[in-house]
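S.K.: Mind having a look at this structure? Questions to follow.
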Amino acid sequence: MKYLSEFADPDLARKLLDEIAATVTRHWAIMEVCGGQTHSIIRHGIDQLLPEEVELIHGPGCPVCVTPAESIDRGVQIASKPNVIFCSFGDMLRVPGTSRDLFSVRAAGSDVRVVYSPLDAVTIAEDNPDKDVVFFAVGFETTAPANAMAVHQARERGITNFSALVSHVLVPPAIEAIVTSPDSRVDAFLAAGHVCSVMGTRQYEPIAEKYRVPIVVTGFEPLDVLDGIRRAVAQLEAGQATVENAYERAVQTDGNEMAQRMLDDVFDITDRQWRGIGEIPASGWRLTEKFRDFDAERRFDVLDLEVAESTTCRSGEVLQGLIKPSECPEFGVTCTPRHPLGATMVSGEGACAAYYRYRRSGDVAATGG
Amino acid sequence: MVAVCLGVPGRIIDTHTDRGTPMATVDFGGVTKDVCLAFAPEADVGQYVIIHAGFAITVLDEEAAHASLDLFEEIGIVEAIGQSGVEEA
Ligand code: SF4
C-alpha cells in the first residue's frame, strides 16, 4: 500500500543502517515511546539489524497496557449494572482488572459492546433512550480528540443517557517520569509520531533542554524508525539534545490546533495511575466541569474498590524499559496471548505480545510478518 | 479485534456530511471505513489521512513523504554491510 511499502524498502533500510553503523562509536540506549513502534521494531527485527552499540528500550506507549487495574475495575462495576450498555475499544476487553476483565462481564450476560469510533457509542445512546450508555474513553493524545468529540456531540445533541469513563494518559509526563527515574538508562527518546500529529512538537522542547536528552519525533514504518534512530545517534554522538522531527509527512510543529481546542474544552489535566508504574503527576485527562454531567464516575456509584495488580506480572518493569519481555519468567510459559497475565500480553501493541508473536523467545532471529 | 491505535494512512475516496459533521469514506488498501473529518475539514478526495479511533487526525503531506524518501536515497556513504534486510510490510 502507498506510504506503507515505500517506507519499508529494504535497500533504503540498509542505507540507513549503514549510516547508523558509520556514526556510532559507543553504547547508546534509545527508548521508543510508542507501542506501535515497538511492534514495528520487533516485527521487522530492527533491533537485531542495528549495530550492537545501539540498544532499543521499549517504552510505556501502549494505551491498553498502561490503563490501570483501577480503571478496569470501575468499568467492570459499571458494565455489570442493570440497564447499562458499556461500549469500549475491542482491545480493552481482555485487560485484567483486579479479579475480572470486561470480557467475562460480557460472558456473564451484560451488554458490553465493541465500537470502532466513540461516535458509535453516542449513536447507540441515541438509539437506546431507555438505557444508560457508557463509553470507556482510554488512550493517549491520539484517541483523545475522538473521545472529546463524542462527549461534545452528546452534549450538543442533548443526549443525556450517554457518559464517559475517562482514563486518558499523556506522553510528555511519562517521558519525564522515565528520564528522572534513578534506574533510567535512556540516552534518547523516539517520540510517538501520531501523538505529535495532534499535540505538535513544542511540548518536548523543555524536556530535551532540561534533561539534556535528544527527542526525535518518529513514525512507525521501518524506515521511519530507522531514521529516528539515525538522528538520535547523530545527536548523541555530537553531544546535542534537541527536539527533531523525523516524521514531517504527518507532524507539524503546532500539531492539529482544531483538535487541541476541542481537548482544552472537554478535558482538564489530572494525576493518573499507570499500570505497574504508579501515579504520575499531571499525566492524564479528566472531563472539565462543563462536561461533569457526562462523567460516568459521577453518574454511577462506583463502590470503593479494593484494587490489586498482579504480583507475578512484571509489566511495570517492561513498560519502563527496565526488563525485556523475555526476561519475565512467566513469558511464554504461563503467560501467552491466549492466557495473558498482564496487559502488555493482551494488546497487539504490547511489548510482551510483540515478542511472543514475532520472536517467541529473546534470542531467536526475527521471522518478520 | 478493534485496536485503540490504528494509525495507518488511508486514501479518501469520497466526502459527505452526516448530521452536519464532515465525514469521509477512506480506503485502506481495499478495506473501506467511514471516518470523521471534524479535525481535518480541509481534507479532500485523493488525499491520504491518518486515522485514530475513527477520526482523521492529520492529512499526510505527500511532498514531505517524498522528501524523506529522497533523503534516504542520498544517505549511504558507507559500503553495504551483510545480507540482512528489512522485510516488506
Ligand atoms: S510476559 Fe506476561 S506476566 Fe510477564 S510481564 Fe509480560 S504480560 Fe506480565
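If you read the protein sequences in the order shown, they are chains H and Y. For the first sequence, position 360 matches number 360 in the numbering used here, and the numbering has no gaps at all. For the second sequence, position 63 matches number 63 in the numbering used here, and the numbering has no gaps at all. For each residue, glycine too, the CB sits at the ideal point set by N, CA and C. It should be emphasised that the depicted structure is a prediction, and the values quoted were computed from it without experimental measurement.
Determine the direct distance from the alpha carbon of S110(H) to that of P82(H), and round the result to whole angstroms.
M.R.: On the first sequence, residue 82(H) is found 82 positions in, with the first residue counted as 1. On the first sequence, residue 110(H) is found 110 positions in, with the first residue counted as 1. Using only the alpha carbons, I get a separation of about 8 Å.
S.K.: If V186(H) sits next to G332(H), beta carbons under 8 Å apart, how far is it from one beta carbon to the other, in whole angstroms?
M.R.: Within the first sequence, residue 186(H) is the residue found at index 186, counting from 1. Within the first sequence, residue 332(H) is the residue found at index 332, counting from 1. Contact doesn't hold; Cβ gap of about 26 Å is too wide.
S.K.: Please report the straight-line C-alpha distance between A125(H) and K131(H), rounded to a whole angstrom.
M.R.: The residue labelled residue 125(H) in the question sits at position 125 within the first sequence. The residue labelled residue 131(H) in the question sits at position 131 within the first sequence. For A125(H) and K131(H), the distance between alpha carbons rounds to 7 Å.
S.K.: Name the residue from L341(H), D224(H), G219(H), I215(H) whose alpha carbon lies nearest to the alpha carbon of L236(H).
M.R.: Within the first sequence, residue 236(H) is the residue found at index 236, counting from 1. Residue I215(H) is the option with its Cα nearest to L236(H).
S.K.: Please tell me whether V24(H) and E53(H) are closer than 8 Å, where the distance is taken between their beta carbons.
M.R.: Translated into positions along the first sequence, residue 24(H) becomes position 24. Translated into positions along the first sequence, residue 53(H) becomes position 53. Closer than 8 Å, so yes.
S.K.: Under 8 Å between beta-carbons, which chain B residues line up against P118(H)? List them in chain order, please.
M.R.: In the structure shown, chain B cannot be found, because the protein chains are H and Y.
S.K.: Could you compute how far the alpha carbon of V49(Y) sits from the alpha carbon of P145(H)?
M.R.: Within the second sequence, the letter at position 49 stands for residue 49(Y). Within the first sequence, the letter at position 145 stands for residue 145(H). V49(Y) and P145(H): Cα-Cα distance of roughly 15 Å.
S.K.: Ordered along the chain, which non-local residues of its own chain (more than five positions away) have a Cβ less than 7 Å from that of Y211(H)?
M.R.: Here residue 211(H) is taken as the residue at index 211 of the first sequence, counted from 1. So the list reads V179, once near-sequence residues are dropped.
S.K.: Just to confirm my understanding: we take C352(H), look at its own chain, exclude 5 residues before and 5 after, and list those with CB closer than 6 Å. What are they?
M.R.: In the first sequence, the residue the question calls residue 352(H) occupies position 352. Excluding sequence neighbours, C352(H) sits near P325, T344, M345.
S.K.: Helix, strand or coil: which one does DSSP assign to D34(Y)?
M.R.: Numbered from 1 along the second sequence, position 34 holds the residue referred to as residue 34(Y). DSSP places D34(Y) in strand when its eight states are reduced to three.
S.K.: Mind checking whether the beta-carbon of R357(H) lies closer than 7 Å to any heavy atom of the ligand ADP?
M.R.: No copy of the ligand ADP occurs in the structure displayed; its ligands are the ligand SF4 alone.
S.K.: Looking at G342(H) and the ligand SF4, is the gap between the Cβ and the nearest heavy atom below 7 Å?
M.R.: Reading the first sequence from its first residue, position 342 is the one you call residue 342(H). Yes - the ligand SF4 has a heavy atom lying nearer than 7 Å to the Cβ of G342(H).
S.K.: Residues in the same chain with beta-carbon distance under 6 Å from H27(H), minus the five sequence neighbours each way, listed in chain order, please.
M.R.: Against the first sequence, residue 27(H) aligns to sequence position 27. Only E53 meet the Cβ criterion.
S.K.: Going along the chain, which residues of the stretch 60 to 76 of chain Y sit with their C-beta nearer than 9 Å to a C-beta in chain H?
M.R.: From the stretch 60 to 76 of chain Y, only L60, D61, E62, E63, A64, A65, H66, A67, S68, L69, L71, F72, E73, E74, I75, G76 have a Cβ closer than 9 Å to chain H.
S.K.: Is the beta carbon of V166(H) closer than 8 Å to that of R298(H)?
M.R.: Start at 1 with the first residue of the first sequence, and residue 298(H) comes out as number 298. Start at 1 with the first residue of the first sequence, and residue 166(H) comes out as number 166. Contact: no.
S.K.: Please confirm whether L248(H) has its beta-carbon closer than 8 Å to some beta-carbon of chain Y.
M.R.: Taking the first sequence and counting its residues from 1, the one referred to as residue 248(H) is at position 248. Here residue 248(H) is Glu; the residue named in the question, Leu, does not match the sequence. Output row for E248(H): interface = yes.
S.K.: Give the interface partners of I50(Y) over in chain H, defined as CB-CB distance under 8 Å, in chain order.
M.R.: The residue you call residue 50(Y) lines up with position 50 of the second sequence. Chain H residues near I50(Y): H194, S197, A250.
S.K.: DSSP state of I66(H), grouped into three classes?
M.R.: The sequence position of residue 66(H) within the first sequence is 66, counting from 1. The sequence as given places Val at residue 66(H); Ile does not occur at that position. Helix.
S.K.: At a cut-off of 7 Å, is V378(H) close to the ligand SF4 when judged by its beta-carbon and the heavy atoms of the ligand?
M.R.: This structure leaves residue 378(H) out entirely; chain H is present only between 1 and 369.
S.K.: Taking a contact to mean a Cβ-Cβ separation below 8 Å, would you say L394(H) touches V33(H) in this structure?
M.R.: Lying before the first or after the last residue shown, residue 394(H) is absent from chain H, which here runs from 1 to 369.
S.K.: If I measure Cβ to Cβ from E87(Y) and keep anything under 6 Å in the same chain, skipping five residues before and after, which residues do I get?
M.R.: On the second sequence, position 87 is the one that residue 87(Y) refers to. For E87(Y), the predicted structure reports a pLDDT of 38, less than 50, and the residue's modelled location is therefore unreliable. A value from the coordinates is still provided. Excluding residues within five positions, none has a Cβ falling inside 6 Å.
S.K.: Is the distance from the Cβ of A246(H) to the Cβ of T218(H) below 8 Å?
M.R.: Here residue 246(H) corresponds to residue number 246 of the first sequence, with the count starting at 1. Here residue 218(H) corresponds to residue number 218 of the first sequence, with the count starting at 1. A contact, by the Cβ cut-off of 8 Å.
S.K.: Are the beta-carbon atoms of I159(H) and F300(H) separated by less than 8 Å?
M.R.: On the first sequence, position 159 is the one that residue 159(H) refers to. On the first sequence, position 300 is the one that residue 300(H) refers to. No; because the gap between Cβ atoms is not below 8 Å, this pair is not in contact.
S.K.: Using a C-beta cutoff of 8 Å, does D4(H) count as contacting chain Y?
M.R.: On the first sequence, residue 4(H) is found 4 positions in, with the first residue counted as 1. According to the sequence shown, residue 4(H) is Leu rather than Asp. True, the Cβ-Cβ gap to chain Y drops below 8 Å.
S.K.: Measure from the C-beta of P145(H) to each C-beta in chain Y and report whether the shortest distance is under 8 Å.
M.R.: As a first step, residue 145(H) must be located in the first sequence, where it is residue number 145. So yes, P145(H) belongs to the interface.
S.K.: Beta-carbon within less than 6 Å of A24(Y)'s beta-carbon, same chain only, minus the 5 sequence neighbours each way: which residues are those?
M.R.: As a working mapping, residue 24(Y) is identified with position 24 in the second sequence. Cβ neighbours of A24(Y) beyond the five flanking positions: I12, T15, V35, L37.
S.K.: Scan the stretch 94 to 137 of chain H and note each continuous alpha helix (DSSP H) run of 4 residues or more that stays entirely inside, going in chain order.
M.R.: Correct list: 102 to 107, 118 to 127.
S.K.: Measure the Cβ-Cβ separation of E349(H) and T123(H) and say whether it is below 8 Å.
M.R.: Translated into the one-based positions of the first sequence, residue 349(H) becomes position 349. Translated into the one-based positions of the first sequence, residue 123(H) becomes position 123. The answer is no: Cβ separation not under 8 Å.
S.K.: Taking only the alpha-carbon atoms, compute the straight-line gap between T336(H) and S310(H) and give it to the nearest angstrom.
M.R.: Translated into the one-based positions of the first sequence, residue 336(H) becomes position 336. Translated into the one-based positions of the first sequence, residue 310(H) becomes position 310. Rounded to whole angstroms, T336(H) to S310(H) spans 15 Å at the Cα level.
S.K.: Using the beta-carbon count (16 or more within 10 Å), is D101(H) buried or exposed?
M.R.: Against the first sequence, residue 101(H) aligns to sequence position 101. Buried, because 16 or more other Cβ atoms sit within 10 Å of the Cβ of D101(H).
S.K.: DSSP on L165(H), reduced to helix/strand/coil?
M.R.: As a working note, residue 165(H) is residue 165 in the first sequence. Residue state, collapsed to three classes: strand.
S.K.: Counting only C-beta atoms, is C352(H) closer than 8 Å to chain Y at any point?
M.R.: Within the first sequence, numbered from 1, the residue matching residue 352(H) stands at position 352. No, no contact with chain Y.
S.K.: Measuring only the C-alpha atoms, how far is E306(H) from S197(H)?
M.R.: Taking the first residue of the first sequence as position 1, residue 306(H) is located at position 306. Taking the first residue of the first sequence as position 1, residue 197(H) is located at position 197. Rounded to the nearest angstrom, the two C-alpha atoms are 38 Å apart.
S.K.: Quick one: what's S88(H) bridged to in DSSP?
M.R.: Position 88 of the first sequence holds residue 88(H). According to DSSP, which records beta bridges pairwise, S88(H) is partnered with V114(H).
S.K.: I'd like to confirm something about P325(H): is its beta-carbon nearer than 7 Å to some heavy atom of the ligand SF4, or not?
M.R.: For the purposes of this step, residue 325(H) is identified with residue 325 of the first sequence, where counting begins at 1. Yes, the ligand SF4 has a heavy atom inside 7 Å of this Cβ.
S.K.: For A56(Y) versus A40(Y), is the C-beta distance shorter than 8 Å?
M.R.: The residue labelled residue 56(Y) in the question sits at position 56 within the second sequence. The residue labelled residue 40(Y) in the question sits at position 40 within the second sequence. For A56(Y) and A40(Y), yes; Cβs fall inside 8 Å.
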